[in-house]
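Q: Residue numbers are given in my numbering: position 128 of the sequence shown equals residue 123, and the series is strictly consecutive. Glycine included, every Cβ here is placed at the ideal spot set by N, Cα and C. If you're wondering where the values come from, they're calculated on a predicted model, not measured in any experiment. Supplied in structure tokens, the structure appears directly below.
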Amino acid sequence: MKIDFKKLSKDELLVIASRQAEQIRIFTEVNTQLKGHFVLESLLQGIMTYTTDILNSETCSLLLHNEDDDRLYFSITDESGLNLSDFSIECNQGIVGTVFKSGEALIVNDAQNDDRVFKGMDDSTGFTTKSLVCVPMMIESKKIGVVEVLNSKSGTYDQSDLDILESIASQSALAIQYVRANDKRFMNQRMAVVGNMAAGIVHDLRNSMQVIGGFSQLIALKNPDQSRYCDIIRNEIDKLVGMTEEVLEFSRGETINISPFKISLHEFISSIYEFNRDALKERGIEFELKSKKDIFVKIDQGKMQRVIQNIISNGIDAMENCETKKVLISCGSKDKIPFISITDYGKGMDEKTMASIFKPFFTKGKENGTGLGMAIVQNIIERHHAEINIESTLGKGSSFIITFPQDL
-4 MKIDFKKLSK DELLVIASRQ AEQIRIFTEV NTQLKGHFVL ESLLQGIMTY
46 TTDILNSETC SLLLHNEDDD RLYFSITDES GLNLSDFSIE CNQGIVGTVF
96 KSGEALIVND AQNDDRVFKG MDDSTGFTTK SLVCVPMMIE SKKIGVVEVL
146 NSKSGTYDQS DLDILESIAS QSALAIQYVR ANDKRFMNQR MAVVGNMAAG
196 IVHDLRNSMQ VIGGFSQLIA LKNPDQSRYC DIIRNEIDKL VGMTEEVLEF
246 SRGETINISP FKISLHEFIS SIYEFNRDAL KERGIEFELK SKKDIFVKID
296 QGKMQRVIQN IISNGIDAME NCETKKVLIS CGSKDKIPFI SITDYGKGMD
346 EKTMASIFKP FFTKGKENGT GLGMAIVQNI IERHHAEINI ESTLGKGSSF
396 IITFPQDL
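Quick look at the structure:
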């Protein structure tokens, strides 16, 4: 609404001038606070701590939108002790969902009696929301998340609080964009380094593997009874070279090539089971197979085998120090859609980990991991026009379900 300053009294003008001066001061201070943050988590922590203090509130949280699953994730909370980092909500839930969808800020001063407030979060955390201000974070016209302050220590929030929070949200969105752009540049640099390393490894590996393969053929010729073992050596050589080539293709941003053909799912996962059974038994891990026959899919057997092996390997890592050590691999068909399921009974994952596990260089809980394995897994699955979904419960384990197209 346009203000006619000529009709305002001197006192009213002083109030407006005071508010504008305060907003300029806050704008300058926020800009100072955000400088020097080059790590996203550090940046978000700084935003939350400052916002809670300047708006005299009990707590503050920032939710970022994940385009992959269209959910809002509590990226970080302030230092009040309220930890929501393992939670996410749908974009149509509660006040934050309403604000994100509409792009319009909201003030709620009686949260306990407002039906728009999502009570499930309070039930999960034990926190009692009494009042809140929530505003969208936008970069140009694109919404990237929301920021909210809760429980004014002064009792209620007003328009001046909303104006301040909108100013903070606007600058925060630009800072987040800057840090993300830096992260992307850094990731591209890391991928280039990996690509150069992989190119050298592939070259040297091929030469060495040709020598090993040649000698295995000689052994087979001189000792026909050993030919089966020589075939295994050559097959494993091909797998090793193939894995390195996949890293090379992925790091260069190239499409991973596949050569699919029709196979029996039962025969496919049975061969994986036989290959891993003894090795897992030696490590004290129970390995169970459940399979249905007469289900066929069109896949690149070698590449899909590496997908399954990678998931099994991650499952083994997740079961370290767990009492129950078991991996279950199964295949079947649900609503005529073929699937493979790999379940471990390990530590399980929180929502944030599940949302990040397929991102390059994500290595949570793995000291020696490169962070490329699951990113390549997703790439191979997408090349098959298949899908991979995760079901996980903290403390109980995780299931990776791969579903394949029906048409062969």
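Rounding to the nearest angstrom, what Cα-Cα distance links Val372 and Leu127 in this structure?
A: Val372 and Leu127: Cα-Cα distance of roughly 42 Å.
Q: Since Lys287 contacts Cys326 with CB under 8 Å, what's their CB separation in whole angstroms?
A: Rounded, the Cβ-Cβ distance is 6 Å, consistent with contact.
Q: Count the other CB atoms, across all protein chains shown, that sit within 10 Å of the CB of Lys148; report buried if there are 16 or more and exposed otherwise.
A: So Lys148 counts as exposed.
Q: First and last residue of the alpha helix (DSSP H) that includes His380?
A: Element bounds for His380: n/a, residue is neither H nor E.
Q: Quick one, which of Ser165, Phe356, Asp110, Tyr268 has its alpha-carbon nearest Thr93's?
A: When each option's Cα is compared against that of Thr93, the closest is Asp110.
Q: Which residues share a DSSP beta bridge with Leu160?
A: In the DSSP output, where bridge partners are listed per residue, Leu160 has none listed.
Q: Decide yes or no for the touch test of the stretch 154 to 162 against the stretch 94 to 107: beta carbon pairs closer than 8 Å, at least 3 of them.
A: Short answer: they touch.
Q: With DSSP as the reference, identify every bridge partner of Glu85, one or two as the case may be.
A: Per DSSP, Arg66.
Q: Measure the Cβ-Cβ separation of Ile280 and Lys329 and say whether it is below 9 Å.
A: No, the pair does not count as a contact, with Cβ atoms beyond the cut-off.
Q: Quick check on the burial criterion: 16 or more other C-beta atoms within 10 angstroms. Buried or exposed for Leu389?
A: It counts as exposed.
Q: Locate the alpha helix (DSSP H) running through Met116, then write down its first and last residues.
A: Its alpha helix (DSSP H) spans residues 114 to 120.
Q: Just to confirm, is the Cβ distance from Ile324 to Lys276 under 9 Å?
A: Contact: no.
Q: With respect to the beta strand (DSSP E) encompassing Thr426, which residues constitute its N-terminal and C-terminal limits?
A: As shown, the chain starts at -4 and ends at 403. That puts residue 426 outside it, with no answer to give.
Q: Which whole-angstrom value describes the C-beta separation of Val112 and Thr46, a residue pair presumed to lie in contact below a C-beta threshold of 8 Å?
A: Incorrect: roughly 20 Å between the Cβ atoms, too far for contact.
Q: Between which two residues does the alpha helix (DSSP H) carrying Ile267 extend?
A: Unbroken alpha helix (DSSP H) run through Ile267: 260 to 277.
Q: Out of curiosity, what's the CA-to-CA distance linking Ser167 and Met133?
A: Ser167 and Met133: Cα-Cα distance of roughly 9 Å.
Q: Note the first and the last residue of the continuous beta strand (DSSP E) segment covering Ser149.
A: Unbroken run through Ser149: none, as it is neither H nor E.
Q: Pull the bridge partners of Gly140 from the DSSP assignment, please.
A: In DSSP, Gly140 forms a bridge with Leu59, Met132.
Q: Grab the span of the alpha helix (DSSP H) containing Gly407 for me, first residue to last.
A: A question about residue 407 goes unanswered here, because the residues of the chain that appear run from -4 up to 403.
Q: Give me the Cα-Cα distance between Asp273 and Phe256, rounded to the nearest whole angstrom.
A: Approximately 29 Å between the Cα atoms of the pair.
Q: Using the three-state DSSP reduction, which class does Leu145 fall into: helix, strand or coil?
A: Strand at Leu145.
Q: May I ask you to verify whether the stretch 257 to 267 touches the stretch 204 to 223, counting CB pairs closer than 8 Å and requiring at least 3?
A: Touching, no, given that fewer than three Cβ pairs across the two stretches are closer than 8 Å.
Q: Rounding to the nearest angstrom, what Cα-Cα distance links Glu386 and Phe395 in this structure?
A: Whole-angstrom Cα-Cα distance: 7 Å.
Q: State the Cα-Cα distance for the pair Leu169 and Arg180, rounded to the nearest angstrom.
A: Approximately 17 Å, taken between the alpha carbons.
Q: Look up Pro255 in the DSSP assignment and give the residues it is bridged to.
A: According to DSSP, Pro255 bridges with nothing at all.
Q: Where DSSP assigns a beta bridge to Ile324, which residues make up the other side?
A: DSSP output for Ile324 lists Leu284, Ile337 as bridge partner(s).
Q: Can you tell me which of the three DSSP states Ser387 falls into?
A: Strand at Ser387.
Q: Could you tell me the alpha carbon to alpha carbon distance between Ser222 and Ser254, rounded to whole angstroms?
A: Their Cα atoms are separated by approximately 27 Å.
Q: Would you call Tyr224 buried or exposed, if buried means 16 or more other Cβ atoms sit within 10 Å of its Cβ?
A: Exposed.
Q: Looking at the structure shown, is Ile290 part of a helix, part of a strand, or coil, going by DSSP?
A: In the structure shown, Ile290 sits in coil (DSSP, three-state: anything other than H, G, I, E or B).
Q: Quick check on DSSP: helix, strand or coil for Gly76?
A: For Gly76, the predicted structure reports a pLDDT of 49, less than 50, and the residue's modelled location is therefore unreliable. A value from the coordinates is still provided. Correct three-state label for Gly76: coil.
Q: Leu67 and Cys86: beta carbons closer than 9 Å?
A: Cβ atoms of Leu67 and Cys86: closer than 9 Å.
Q: Alpha carbon to alpha carbon, how far is Gly341 from Phe291? Give it in angstroms, no decimals.
A: Cα to Cα, the separation comes out at about 30 Å.
Q: Looking at the strands, I want to know which residues DSSP matches up with Lys329.
A: Note: Lys329 sits in a beta bridge opposite Ile332.
Q: How many angstroms separate the CA atom of Asn316 from the CA atom of Asp289?
A: Those two C-alpha atoms are separated by around 38 Å.
Q: Going along the chain, which residues of its own chain have a beta-carbon closer than 6 Å to the beta-carbon of Asn305, five neighbours each way excluded?
A: Correct list, in chain order: Gly368, Val372.
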